[in-house]
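In this note's numbering, the protein residues as written are 662 to 1067.
Structure (structure tokens):
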């Protein structure tokens, strides 16, 4: 097990009608005038924004509203939000939405807390020293931004992320009922995103893993897989949505990686460039690239993929079927690699069962060689960085993965 620090200060208020508590929670945090930040028509049409604003008014809290957040949230709206908050003397930001709204709100909070342009933080050209008070009301189970230190912003075709502990919200309100109106495709994309946050951490260390953390990760993955299939057939099932929503927070607050290193995150980096260039939903890009990445890197530590195959995906080695007392240590390298590949295929089959793409072609794009080159250049920050921990990938590796995934 590797050394680690685990700190999640976010207060979680979970359950039906939990959003009615937002006014009191903001008062507890010292807020007196709030930016209510949200996305498109659904939050307004459902009446959620009106209910939230009434709760604020009943609590004696003033507010201003800013909607318009889109998937892959845009820097231009972030800058608009920063200026609005300064002009209105806002002292608290409330995100009402999913990961995109929360990430946009986090960027606004960075901008309000620091004197330089907020994009410099995402370009890694500046380090924030302060972060404005933030709370969330979650309407999409996916990104886990409601308890994480992460946020991702898009500037044109560039999509960049950052991770600072100060950006964890003060509180997050999670009512599974609010996710029932989501289209099934968006729900399934969210389930993939949740799984990938734990899978990226699963492949994070060089042979040093915590047995307890592995068990937590395995339980989370199995729970998401089981309940995703329930939601595909019964989209309004409250208990299944509750399990998925809670898994979304636990999968990206650091818990499923404690002692297992910092995580690999290659698929996220590769997927971000697909979203940035083509605008695809984040979870779908992750599903489209994961299998190709896995086959490209699995020989670095095939036993890690084999453990995932056996403990999560139910793969039983042929040798073990014949001998119940056989342990992993008794298997040859070739046998372990075979199990690993079987597990990779099983994970892709699961993604397909959710109607998720397992190639870039299935996303809806026929990549040209020029686009592949540009994706690799973008992902490598113009050949200035590598990505990944399980196997470090340079610009040529990135190009090969995009090419094989198309």
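Every residue, glycine too, gets a C-beta built ideally from N, C-alpha and C.
Remark: C-beta atoms of residue 908 and residue 855 approach each other more closely than 8 Å. By the CB criterion at 8 Å, residue 928 and residue 861 fall inside the cutoff.
Per the coordinates, the alpha-carbon of residue 782 lies some 32 Å from the alpha-carbon of residue 682. Distance from the CA atom of residue 926 to the CA atom of residue 1044, rounded to whole angstroms, is 18 Å. As computed with DSSP, residue 724 is found in a beta bridge with 695.
In this structure, the straight-line span from the alpha carbon of residue 732 to that of residue 816 is close to 12 Å. For residue 753, the three-state secondary structure derived from DSSP is strand. Residue 933 places its beta carbon 8 Å or farther from that of residue 805. Assignment of residue 923 by DSSP, reduced to helix, strand and coil, places it in the coil class. When rounded, the separation of the alpha-carbon atoms in residue 709 and residue 685 is 17 Å.
For the beta strand (DSSP E) assignment, the uninterrupted runs of no fewer than 3 residues enclosed by the region 740-814 are, from N- to C-terminal side, 753-758, 795-799. Annotation for residue 822: the continuous beta strand (DSSP E) segment containing it runs 819-824.
Here residue 1052 carries a coil assignment [DSSP, helix/strand/coil].
Secondary structure note for residue 673: its beta strand (DSSP E) is the uninterrupted segment 672-675. Taking C-beta atoms under 8 Å as the contact rule, residue 944 and residue 803 qualify, at a distance of about 6 Å. CA-CA distance, residue 717 to residue 680, rounds to 11 Å.
For the pair residue 865 and residue 924, the CB atoms are nearer than the 8 Å cut-off. The three-state secondary structure of residue 1020, taken from DSSP, is coil. Between the alpha carbons of residue 1026 and residue 689 lies a gap of roughly 49 Å.
When the beta-carbon positions are compared, residue 801 and residue 674 stay at least 8 Å from each other. Around the Cβ of residue 921, a 10 Å sphere holds 16 or more other Cβ atoms; the residue is buried. With respect to the C-alpha of residue 938, the residue from 810, 819, 811, 897 having the closest C-alpha is 819. A contact between stretches requires three or more CB pairs, one per stretch, nearer than 8 Å, and the region 692-710 fails this requirement with the region 664-678.
Between residue 1066 and residue 1020 a beta carbon distance of about 6 Å is seen, short of the 8 Å cut, so the two are scored as contacting. Residue 852 is positioned such that its CB atom lies closer than 8 Å to that of residue 889. Just so you know, the alpha carbons of residue 1055 and residue 787 end up roughly 24 Å apart. Boundaries of the beta strand (DSSP E) around residue 833: 832-835.
Pairing residue 669 with residue 698 gives a Cβ-Cβ distance that is not under 8 Å. Taken in chain order, the complete alpha helix (DSSP H) segments of 4 or more residues contained in the region 865-948 are 872-894, 899-912, 927-939.
Non-local C-beta neighbours of residue 919 in its own chain, meaning closer than 6 Å and more than five positions away in sequence, comprise 665, 667, 874, ordered along the chain. Residues 1047, 1048, 1055, 1056, 1059 of the same chain have their beta carbon placed closer than 8 Å to that of residue 1041, with the five preceding and five following residues left out of the count. In terms of Cα proximity to residue 1024, the closest of 950, 702, 963 is 950.
Residue 708: not part of any alpha helix (DSSP H); DSSP gives it neither H nor E. One Cα belongs to residue 959, the other to residue 999, and the distance between them is close to 11 Å. Separation of the CB atoms of residue 713 and residue 769 is rounded to 17 Å, and the pair is thereby denied contact status at 8 Å. Annotation for residue 964: 997 place their beta carbon closer than 6 Å to its own, counting only its chain and skipping 5 residues before and after.
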